[in-house]
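Participant: This is the structure I have questions about; it appears just below.
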Amino acid sequence: MGIFEGQPLELLEGALIEMSPVGILHAGLSSDGADYLREQLGNQVKVREAKPITLPGDSEPEPDIAIVKPWGDIYKTERHPQVEDIFWVIEYANTSLAKDLQLKSKIYARANILEYWVINLRIRELIVFRDSVEGEYQSQTAMTRGTISPIRFSTIQLDVTRLIW
């Protein structure tokens, strides 16, 4: 048995970081959110839940939801999604909120992920990070209602409440 046996870990900037436990609200909302995205985006994407993505800088985070290019079996047989495959990523956060807003936003910005969404479970709010310049997102918007269009799917209007409630 390895020393990390049974511990949920993710690789962030070359370090193994313990992942926060997934509570009932987190599990339920992220699952419902992924189902909603599948309904709205159809076969234009693959919606992956809590699976690794490979990023530069020795990072292999496991976002709650990664919306990626639908490359068929490539993610089963060859590799995890990489930067060029990723449309955007979503984290549902309660106890991991500080890590998701700070460390992970920097990792995703440095990797030039177009947009990164954090669902703050404490206050039921969507925080949208966009416009990565030199490893920092320049735009951060908080929403509790209304609609949002992902950058790569500008004709699709997603209902924020379907993601946070």
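Residues 1189 to 1353 (the working numbering) make up the sequence shown, in order.
Just so you know, even glycine gets a beta-carbon here, dropped at the ideal spot from N, CA and C.
Treat the numbers as computed from the prediction; the structure is a model and nothing was measured.
Counting only runs of 4+ residues fully inside the segment 1284–1326, write out the alpha helix (DSSP H) ranges in chain order.
Facilitator: Correct list: 1285–1289, 1291–1298.
Participant: Give the secondary structure of Val1271 by DSSP, where H, G and I count as helix, E and B as strand, and everything else as coil.
Facilitator: Translated into the one-based positions of the sequence shown, residue 1271 becomes position 83. Here Val1271 sits in helix by DSSP.
Participant: Quick one: which unbroken beta strand (DSSP E) runs of 3-plus residues sit fully inside the segment 1189–1257? Chain order, please.
Facilitator: With a minimum length of 3 residues, the continuous beta strand (DSSP E) runs that stay inside the segment 1189–1257 are 1197–1200, 1203–1206, 1234–1237, 1253–1256.
Participant: Any idea what DSSP makes of Thr1332, helix, strand or coil?
Facilitator: On the sequence shown, position 144 is the one that residue 1332 refers to. Residue state, collapsed to three classes: coil.
Participant: Is Ile1278 helix, strand or coil when you go by DSSP?
Facilitator: Walking along the sequence shown from the start, residue 1278 turns up at place 90. If DSSP states are grouped into helix, strand and coil, Ile1278 belongs with the strands.
Participant: With a 10 Å radius around its C-beta and 16 neighbouring C-beta atoms as the bar for buried, classify Ala1286 as buried or exposed.
Facilitator: Along the sequence shown, read from residue 1 onward, the residue named residue 1286 stands at position 98. It is exposed - the Cβ of Ala1286 has fewer than 16 other Cβ atoms within 10 Å.
Participant: Determine the burial state of Ala1254: buried for a count of at least 16 other Cβ atoms within 10 Å of its Cβ, exposed for fewer.
Facilitator: As a first step, residue 1254 is located in the sequence shown; it is residue number 66 there, counting from the start. That one is buried.
Participant: Candidates Asp1261, Thr1329, Ala1222, Asn1308: which alpha carbon is nearest Thr1283's?
Facilitator: Within the sequence shown, numbered from 1, the residue matching residue 1283 stands at position 95. Ranking the options by Cα distance to Thr1283, first place goes to Asn1308.
Participant: Is it right to say Ser1327 is buried, meaning 16 or more other beta carbons lie within 10 angstroms of its own, or is it exposed?
Facilitator: Counted from its first residue, the sequence shown places residue 1327 at position 139. Flag for Ser1327 reads exposed.
Participant: Under a Cβ-count criterion, where at least 16 other Cβ atoms within 10 Å of its own Cβ denotes burial, should Val1321 be classed as buried or exposed?
Facilitator: Residue numbering aside, residue 1321 sits at position 133 when the sequence shown is read from its first letter. Burial call: exposed.
Participant: Would Val1277 pass as a contact of Pro1251 if the rule is Cβ separation under 8 Å?
Facilitator: In the sequence shown, residue 1277 corresponds to position 89, counting from 1. In the sequence shown, residue 1251 corresponds to position 63, counting from 1. Against a cut-off of 8 Å, the Cβ pair of Pro1251 and Val1277 comes out as a contact.
Participant: For Thr1329, I'd like the list of residues in its chain whose CB is within less than 6 Å of its CB, leaving aside the five on either flank, ordered along the chain.
Facilitator: What you label residue 1329 is simply residue 141 of the sequence shown in a count that begins at 1. The residues are Val1316.
Participant: With distances taken between CB atoms, is the gap from Arg1318 to Ile1339 smaller than 8 Å?
Facilitator: Here residue 1318 refers to the residue found at position 130 when the sequence shown is read from its first residue. Here residue 1339 refers to the residue found at position 151 when the sequence shown is read from its first residue. Contact: yes.
Participant: Would you call the segment 1221–1235 in contact with the segment 1257–1264, where contact means no fewer than 3 C-beta pairs closer than 8 Å?
Facilitator: Verdict: yes, contact present.
Participant: Assign Asp1223 to buried or exposed, taking buried as 16 or more other Cβ atoms, counted over all protein chains shown, within 10 Å of its Cβ.
Facilitator: The residue labelled residue 1223 in the question sits at position 35 within the sequence shown. So Asp1223 ends up on the exposed side.
Participant: When DSSP builds the beta bridges, which residues end up paired with Asp1347?
Facilitator: Here residue 1347 is taken as the residue at index 159 of the sequence shown, counted from 1. Paired residue(s): Thr1335.
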